[in-house]
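Colleague: 1 is the number of the first residue of the sequence shown in UniProt numbering; add one for each residue after it. Here you go, one structure.
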Amino acid sequence: MVNPFKFGVVVKGHDFCDRENEINEIISDIKSGVSITLISPRRYGKTSLILNIFDRLNYLKTVYIDLMGITTIQDFLDVYVRAFFEYLGGVKKITASWKKIFPNLEDLQINFGPFGASFKVSPSIKNIEEVIALPEKIGGQVVVALDEFQEITNIKEIDLLALFRKKAQLFENTTFIFSGSRRHVMYEIFSNLEKPFYRFSKIYNLGSLNKEEAVGFVKHKFESTNIKIDKKLVERLYEICMGHPYYMQYISHILWNISSNNEKCYEENLEEAVNLVLLSERPMFEALWDSLTSNQKMVLKSISYGISPYDLDISAGSVKAALDKLKKLDVVEKINRRYNVVDPFFSMWLKNL
Ligand SMILES: Nc1ncnc2c1ncn2[C@@H]1O[C@H](COP(=O)(O)OP(=O)(O)O)[C@@H](O)[C@H]1O
Ligand SMILES: [Mg+2]
1 MVNPFKFGVV
11 VKGHDFCDRE
21 NEINEIISDI
31 KSGVSITLIS
41 PRRYGKTSLI
51 LNIFDRLNYL
61 KTVYIDLMGI
71 TTIQDFLDVY
81 VRAFFEYLGG
91 VKKITASWKK
101 IFPNLEDLQI
111 NFGPFGASFK
121 VSPSIKNIEE
131 VIALPEKIGG
141 QVVVALDEFQ
151 EITNIKEIDL
161 LALFRKKAQL
171 FENTTFIFSG
181 SRRHVMYEIF
191 SNLEKPFYRF
201 SKIYNLGSLN
211 KEEAVGFVKH
221 KFESTNIKID
231 KKLVERLYEI
241 CMGHPYYMQY
251 ISHILWNISS
261 NNEKCYEENL
271 EEAVNLVLLS
281 ERPMFEALWD
291 SLTSNQKMVL
301 KSISYGISPY
311 DLDISAGSVK
321 AALDKLKKLD
331 VVEKINRRYN
341 VVDPFFSMWL
351 KNL
């Protein structure tokens, strides 16, 4: 029997635990032409959510663009053009006819290398505007997802955000999903009154999985592979992971391996799975810990214990500086006026120090 829990890859279909409320809300916004900004820490399921939404919107034209790793305007033009060419039936097919489809795009070069095709578009303002406007050229209502959108701030050659906004606000048939993991960078782009994307889209904070949906999902997967598991144990698993989708799948995956020779899953199996996950994440947690200053360490530790860092024996100014840095690193976040450690397993590891 194959392990039914998947982690570290985009999950779709039966591997995706439906986020019914989130999906319905986002789909209804998109249908009414409202662009969305999707924000959550890494591994909360943004990419998976976008692609599952796209599956449901299969009567529209949907284009997914991953901006992870771009550093120059040339990189941006390359991934953007590539996504549209692939949408239109593959690079080979389009190579012959792109001039007819995009008559205003000048000096496009397509190179076929060992890693597939790459595109070179000379980065004149006119060309950049043409590329940004590609979704308006293919006809009909188009939804474009720009994943890891904060990466656009790596580009220093031109003010791409201002140019993008200037073009995109005139679009008639295109709706965007901007998605990003760096919370403070995304907020800086989308909710700073002085920035071009202010009020361009509706901000949607993607949270943890709904308890009932997640518990049902995990229980069903165990039982459909002939392993019994009590609802209470799955609820305990949910609480340990705090509904974090990646950890739910990861722990469930290990738990399933541990119990696959038995008919039933026991509490001590869950404990063992949690310890194995903690052990495997340890090098990453240690590296992060080692990179912090002693004030940052103290502040972080107090947050993991649920104690206000302002009760520590450090000046309020130093606590604030440490908190700002930890927020910038996406290690802590402030929710309802309280700071939390973003990663539930890092929090658990901190408490064991
Ligand atoms: N709705 C979901 N149902 C089940 N597992 C999920 C869900 N969303 C995310 N995951 C789990 O989390 C992992 C990371 O998801 P991903 O979509 O790559 O997140 P992100 O794009 O936010 O970094 C997936 O490999 C999967 O194990
Ligand atoms: Mg992603």
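Positions of the beta carbon are idealized from the N, C-alpha and C atoms, including for glycine.
1. Across which residues does DSSP place I65 in a beta bridge pair?
2. By a C-beta neighbour count over all protein chains shown, 10 Å radius and 16 as the cutoff for buried, is R199 buried or exposed?
3. Return the CA-CA distance between I240 and I23, expressed in angstroms with no decimal places.
4. Do you know offhand how far D313's Cα is from R43's?
5. Under the three-state reduction of DSSP, which class applies to Q141: helix, strand or coil?
6. Kindly list the residues whose CB is nearer than 6 Å to the CB of T37, restricted to its own chain and excluding five residues on each side of it in sequence; keep chain order.
7. Compare the C-alpha of H253 against each of M242, T47, L237 and name the closest.
8. Could you check whether the Cβ of G45 sits closer than 8 Å to any heavy atom belonging to ligand 1?
9. Rounded to whole angstroms, what is the Cα-Cα separation between Y187 and V91?
10. By the 10 Å Cβ neighbour count, where 16 or more other Cβ atoms means buried, how is A83 classified, buried or exposed?
11. Which runs of the beta strand (DSSP E) fall wholly inside the stretch 234-287 and span at least 3 residues, in chain order?
12. In angstroms with no decimal places, state the Cα-to-Cα distance between K166 and T95.
13. On the CB-based measure, 16 or more other CB atoms within 10 Å of its CB, does M248 come out buried or exposed?
14. Over the uninterrupted alpha helix (DSSP H) stretch that includes S97, give me the two end residues.
Modeller: Answer, in terms of the structure:
1. Indexing the sequence shown from 1 puts residue 65 at position 65. BP columns for I65 point to L146.
2. Looking up residue 199 in the sequence shown gives position 199. With fewer than 16 other Cβ atoms within 10 Å, it is exposed.
3. On the sequence shown, residue 240 is found 240 positions in, with the first residue counted as 1. On the sequence shown, residue 23 is found 23 positions in, with the first residue counted as 1. Each residue's alpha carbon lies about 25 Å from the other.
4. What you label residue 313 is simply residue 313 of the sequence shown in a count that begins at 1. What you label residue 43 is simply residue 43 of the sequence shown in a count that begins at 1. The alpha-carbon atoms of D313 and R43 are separated by roughly 35 Å.
5. Your numbering for residue 141 matches position 141 in the sequence shown. Three-state DSSP puts Q141 in coil, outside helix and strand.
6. As a first step, residue 37 must be located in the sequence shown, where it is residue number 37. Excluding sequence neighbours, T37 sits near F178, F190, S201, I203.
7. Within the sequence shown, the letter at position 253 stands for residue 253. For H253, the nearest C-alpha among the options comes from L237.
8. The sequence position of residue 45 within the sequence shown is 45, counting from 1. Indeed, a heavy atom of ligand 1 lies less than 8 Å from the Cβ.
9. By 1-based counting over the sequence shown, the position of residue 187 is 187. By 1-based counting over the sequence shown, the position of residue 91 is 91. So the two alpha carbons sit approximately 35 Å from each other.
10. Position 83 of the sequence shown holds residue 83. A83 is buried by the Cβ-count criterion.
11. none
12. The residue you call residue 166 lines up with position 166 of the sequence shown. The residue you call residue 95 lines up with position 95 of the sequence shown. One C-alpha to the other measures close to 29 Å.
13. Stepping through the sequence shown from its first residue, residue 248 is reached at position 248. Looking at its Cβ environment, which holds 16 or more other Cβ atoms inside 10 Å, M248 is buried.
14. By one-based count along the sequence shown, residue 97 stands at place 97. Here the alpha helix (DSSP H) through S97 covers 91-101.
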